[in-house]
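Written below as structure tokens is the structure these notes are about.
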């Protein structure tokens, strides 16, 4: 895995601050477990409100934390005074997300001044056993000169 | 737009029943506004809990209702006694989803015994004005011999 | 379908000139059949060199003309003095591309100063009968201040 | 990287035979450089006929070998007497594919009886220096009871 140098030494505070202002993360109960240069890990503990019709995590909930994990992995490498938007993503749901916890791990594949390509894997932890259940590939855009609102 | 014949005359009850068992739809406050053979419309009224860091709808919330609208469009054409899973989807977020309501409209592009290809467009309604904000392309799989739990 | 105003009145000459400099289109035998503001149609007549192991058009050949049809649809709306690159695309291969001709029809979904979202459908013409065989969704980037080499 | 057990001990001959019947691979001049259980590497030496308008490898040519590398990685794990089709793929073109050689490396992420998820990375070798230029994520379907024609 490539090691990246962050452009902003305060990237962690900037990412955590941004994450804390996402109403959707609070609604889901998602936790920003880890943020490093080009890496991000989000945990989503199970609750019945996150499910689809079979009682597993809903594909949309899995996609939401996967998109976010890849997005903050990308944002960690962007300069201060910028904001980030998801241009697009694609996700394969490879196995039912069944268990007590879902973990999304994002990583930057190719950072860029305008566009950044990132990836996330999602695993479901069922009675302590981790199974890979989704794979996401994403394009981010860095908006210069527009900081996230404080 | 192609007109489809449903294999199951009770498709509407089957889809509405499945939708009502998705905890995630209740959590978000999403409403199944319309279900016809090969078509589905889902409404997601604004609440602060659905936002990202700029106060717009979170990309994951947009993706969740888009995935679901395309998924139920597909499920409407599947036979009784089957269940549906999203294999994968790809979504472009074309404009900020800003406003009082998000509408996801799903339609089947190509139904199939095993795989179905569907699409969804998402618009944001801001002070009554509708703007296209996302486009999704999806692959569904029909699981035969396993009905959704009643 | 949305009607677009081209920023460059000479868009057709600019697109045809660019197309004619693509060695890959000549190798495949692809023809730029139609270019209008936000629209592009490319024809790919059958030859055995375009096939996969079952004798149908290779998925890569289908993807190549679909990517190009969407790309030139996008490029038709870009200003003079710019060039275009595909950021990413996603394609569903919905039916075998079998027949004497493949037609890719691209259209712009959302034009933008930097990013443009486009789509393409591909049909195969078999003994005169047209069947939809692929659907592509694409993100393009417009590079300002760098014209295509003359 | 996961190690896979092939279901068919003769997977290599089966894959090489299938590859050799793809007219498109001969047209492009692509070479099946390596096939192992769940892995495949395809080489595409430069020729002007593979280019886009700036003289780099055409996105469609890059996508074609990436799709094929992931596809044969998947096919290597499928049983004898089956055939493989690409359901869909998504590719990010991260840097211009410029140089004397393009290498596509495919690997299986999750094999399955019906659907297999695979991935490919593409690098361009320019004066001996390798640069990552594309990333592909793919869904394959295994068709049972229909062997590739001999």
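Protein chains in written order, with the working numbering: chain A, 4 to 153; chain B, 4 to 153; chain C, 4 to 153; chain D, 4 to 153.
Positions of the beta carbon are idealized from the N, C-alpha and C atoms, including for glycine.
* Which term fits residue 61/C, buried or exposed, when burial requires 16 or more other beta carbons within 10 angstroms of its beta carbon? -> The residue is buried, with at least 16 neighbouring Cβ atoms inside 10 Å.
* Closest by CA to residue 145/A, which one among 133/A, 8/A, 137/A and 85/A? -> Nearest option by C-alpha distance: 85/A.
* **Chain-ordered chain D contacts of residue 26/C [CB-CB under 7 Å]** => Within chain D, the residues near residue 26/C are 51, 52, 53 and 54.
* Asked: Straight-line CA distance for residue 29/D to residue 143/C?
  -> 29 Å
* Quick one: what's got a C-beta closer than 6 Å to residue 127/D's C-beta in the same chain, skipping five residues either side? -> 100, 101, 102, 105, 134 and 136
* Asked: What is the C-beta distance between residue 97/C and residue 120/B, in whole angstroms, given that I count them as a contact (C-beta under 8 Å)?
  -> 5 Å
* For residue 83/D, the three-state DSSP class (helix, strand or coil) -> Reduced to three states, the DSSP call for residue 83/D is coil.
* To do: Identify the contact partners of residue 97/A in chain D, using a Cβ-Cβ distance below 9 Å as the criterion.
  => Within chain D, the C-beta atoms nearer than 9 Å to that of residue 97/A come from 112, 113, 115, 118 and 120, in chain order.
* So which residues of chain G does residue 64/B contact, with C-beta pairs closer than 9 Å? -> The structure shown has no chain G; the protein chains it does contain are A, B, C and D.
* Measure from the C-beta of residue 91/B to each C-beta in chain D and report whether the shortest distance is under 7 Å. => Contacts with chain D at 7 Å (Cβ-Cβ) include residue 91/B.
* **Segment contact flag, the region 66-84 of chain B with the region 10-24 of chain B, C-beta cutoff 8 Å, min 3 pairs** => A contact exists between the region 66-84 of chain B and the region 10-24 of chain B.
* To do: Take residue 113/D and list the residues in its own chain whose beta-carbon comes closer than 6 Å to its own, dropping the five residues that flank it on each side.
  => 120
* To do: Enumerate in chain order the residues of its own chain whose CB-to-CB distance from residue 42/B is below 6 Å, with the five nearest sequence positions on each side excluded.
  => 76 and 110
* Asked: What are the residues that DSSP puts in a beta bridge with residue 92/A?
  -> 141/A and 94/B
* To do: Please work out which residues of its chain come closer than 6 Å, Cβ to Cβ, to residue 90/A, disregarding the five sequence neighbours upstream and downstream, and give them in chain order.
  => 142 and 144
* **Listed by chain order, chain C residues near residue 135/B by CB distance under 9 Å** => 112 and 113
* **Reduced DSSP secondary structure (H/G/I, E/B, other) of residue 67/C** => helix
* Hey, does residue 80/B have any beta-carbon neighbour from chain C nearer than 7 Å? -> no
* Mark residue 131/B as exposed unless 16 or more other C-beta atoms lie within 10 angstroms of its C-beta, in which case mark it buried. => exposed
* To do: Please confirm if residue 85/A has its CB atom under 7 Å from at least one CB of chain C.
  => no
* Asked: To which residues of the same chain is residue 88/C closer than 6 Å at the C-beta, ignoring the five residues directly before and after it?
  -> 144
* To do: Quick one: grab the DSSP three-state call for residue 58/A.
  => Residue state, collapsed to three classes: coil.
* **residue 24/B - DSSP class collapsed to helix/strand/coil** => It is coil, neither helix nor strand.
* Which term fits residue 149/B, buried or exposed, when burial requires 16 or more other beta carbons within 10 angstroms of its beta carbon? -> exposed
* Asked: With a CB to CB cut of under 7 Å and the five nearest residues on each side skipped, what residues in its chain are close to residue 18/D?
  -> 38, 75, 78 and 79
* To do: Would you mind stating whether residue 54/C and residue 26/D have Cβ atoms separated by less than 7 Å?
  => yes
* **Short CB-CB distance (under 7 Å) between residue 70/A and chain B** => yes
* Could you tell me which residues DSSP puts in a beta bridge with residue 109/B? => 43/B and 123/B
* To do: Mind checking who residue 104/A pairs with in its DSSP beta bridge?
  => 48/A and 128/A
* To do: Using the Cα positions of residue 65/A and residue 123/C, report the straight-line distance between them to the nearest angstrom.
  => 28 Å
* Between the C-alpha atoms of residue 40/C and residue 12/C, what's the straight-line distance to the nearest angstrom? -> 10 Å
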